[in-house]
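The numbers in the sequence shown follow the numbering used here, run straight up by one, and end at 197. Step one of this worksheet: look at the structure below.
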Amino acid sequence: MDIESIRRCCLAFSHATENVQWGYDLCFKIDGKLFAVTPLEPAPTKLSFKASPENFAELCERPGIIPAPYMARAQWVALQQLNAVPDSELRELLRESYRMVFARLPKKRQLDLQGSAPETQAKKKARPKPQAKKKTKSRPTVKKKAKSTSKPAKKAAKKKSAKAGRGR
C-alpha cells in the first residue's frame, strides 16, 4: 500500500478530512480529531494510527511495528514500513482507528454527523445565520434631570465625609 492508496482509504470514511500539519505530516481526521498520520517526506515511520488496547499489544510484537512516538500512551502504533501489515488488514486497522476516534466524540456531535451527509453539512455551513430578534421597548424611558448642588453644599458634604473617615 502506498500513500495515495492510504489517502483514498482514509477519505472514504464518512466526514473524514485531511490536512498537512507539523510541516510535512498528512493528517486524517474526523471532526478535527486525528485517526491516522503519514509523513509526506522520508521519516523513520511511514504511518501511525490509533489501535485498540488488544491490537496495540499484538501489533507492537510484530517486526516493523513500534509504539508511535509521542502517541504511544494513547495506544497509537507506527509502521516502519508500509508492507509491515497486509493491505487488507491495514484497511481494517484504519477503519477501526476511525471508529474508535468517532466513538470518543460527544454523543450530540456523533448524531449530528450521522444525520447529515457530507454535502449537506457543507451547505449548512454556507447558510447565513438567522438574525437575533430586536427587542422592543414596552414604554418610552424618560430621562430625569440631575439635581444640581451648589458649591457650598458640595464643600459641606466633602468635609462631612472626611470627618467620618478620620474617626475610624
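Even for Gly, the Cβ is constructed at its ideal location relative to N, Cα and C. If you're wondering where the values come from, they're calculated on a predicted model, not measured in any experiment.
Under 8 Å Cβ to Cβ from Ser81, same chain only, skipping five residues before and after it: list those, please.
-> Translated into positions along the sequence shown, residue 81 becomes position 52. Correct list, in chain order: Gln104, Glu125 and Met129.
May I ask which residues mark the beginning and end of the alpha helix (DSSP H) holding Asn84?
-> Reading the sequence shown from its first residue, position 55 is the one you call residue 84. Secondary structure note for Asn84: its alpha helix (DSSP H) is the uninterrupted segment Pro82 to Cys89.
Assuming Leu69 and Val49 form a contact by the criterion Cβ under 8 Å, report the distance between their Cβ atoms to the nearest whole angstrom.
-> As a first step, residue 69 must be located in the sequence shown, where it is residue number 40. As a first step, residue 49 must be located in the sequence shown, where it is residue number 20. Right, their Cβ atoms sit about 7 Å apart.
Just the Cα atoms here: how many angstroms apart are Lys75 and Gly93?
-> What you label residue 75 is simply residue 46 of the sequence shown in a count that begins at 1. What you label residue 93 is simply residue 64 of the sequence shown in a count that begins at 1. If you take the alpha carbons of Lys75 and Gly93, they lie about 10 Å apart.
What are the residues that DSSP puts in a beta bridge with Val49?
-> For this step, residue 49 is matched to residue 20 along the sequence shown. Under DSSP, Val49 takes part in a beta bridge, and its partners are Leu55.
For Val66, write down the residues that DSSP places opposite it in a beta bridge.
-> Taking the first residue of the sequence shown as position 1, residue 66 is located at position 37. Bridge partners of Val66: Cys56 and Ser77.
Find the nearest neighbour of Pro98 within the set Ala72, Glu83, Gly52 and Asn84, judged by alpha-carbon distance.
-> Within the sequence shown, residue 98 is the residue found at index 69, counting from 1. Minimum Cα distance to Pro98 is reached at Ala72.
Identify whether Ala107 lies in helix, strand or coil by the three-state DSSP scheme.
-> As a working note, residue 107 is residue 78 in the sequence shown. It is a strand residue.
Pick out whichever of Val66, Gln109 and Ala45 has its Cα sitting closest to the Cα of Trp51.
-> Locating residue 51 in the sequence shown gives position 22, where the first residue counts as 1. Answer by Cα proximity: Val66.
Own chain residues within Cβ distance below 7 Å of Tyr53, not counting five before or after | Sequence index remark: in the sequence shown, residue 53 carries index 24 (1-based). Closer than 7 Å at the Cβ level, and outside the excluded window around Tyr53, lie Pro68, Leu69 and Glu70.
Spatially closest choice to Tyr127 from Arg37, Phe42 and Leu111, by CA coordinates = Working through the sequence shown from its first residue, we reach residue 127 at position 98. A check of alpha carbon separations from Tyr127 across Arg37, Phe42 and Leu111 identifies Phe42 as the nearest.
Identify, in the order they occur along the chain, each residue of the same chain with its Cβ nearer than 7 Å to the Cβ of Leu88, setting aside the five sequence neighbours on each side.
-> Indexing the sequence shown from 1 puts residue 88 at position 59. Once the five neighbours on either side are set aside, the close Cβ partners of Leu88 are Ala80, Ile94 and Val106.
Cα-Cα separation between Leu111 and Phe131, rounded to whole angstroms = If you number the sequence shown from 1, residue 111 lands on position 82. If you number the sequence shown from 1, residue 131 lands on position 102. Taking the straight line joining both Cα atoms gives about 24 Å.
Relative to the C-alpha of Glu121, which residue among Leu140, Ala86, Cys38 and Thr46 is closest?
-> The count along the sequence shown starts at 1 and reaches residue 121 at position 92. Checking every option, the nearest Cα to that of Glu121 belongs to Cys38.
Which residues in the same chain have their Cβ closer than 8 Å to the Cβ of Glu47, if we skip the five residues on either side of it in sequence?
-> The count along the sequence shown starts at 1 and reaches residue 47 at position 18. Within the same chain, Glu47 has close Cβ partners Arg36, Cys39, Leu40, Leu55, Cys56, Phe57 and Lys58.
When the distance is taken between beta carbons, is Phe78 closer than 7 Å to Leu134?
-> As a working mapping, residue 134 is identified with position 105 in the sequence shown. As a working mapping, residue 78 is identified with position 49 in the sequence shown. Contact check for Leu134 against Phe78 fails: the beta carbons are separated by 7 Å or more.
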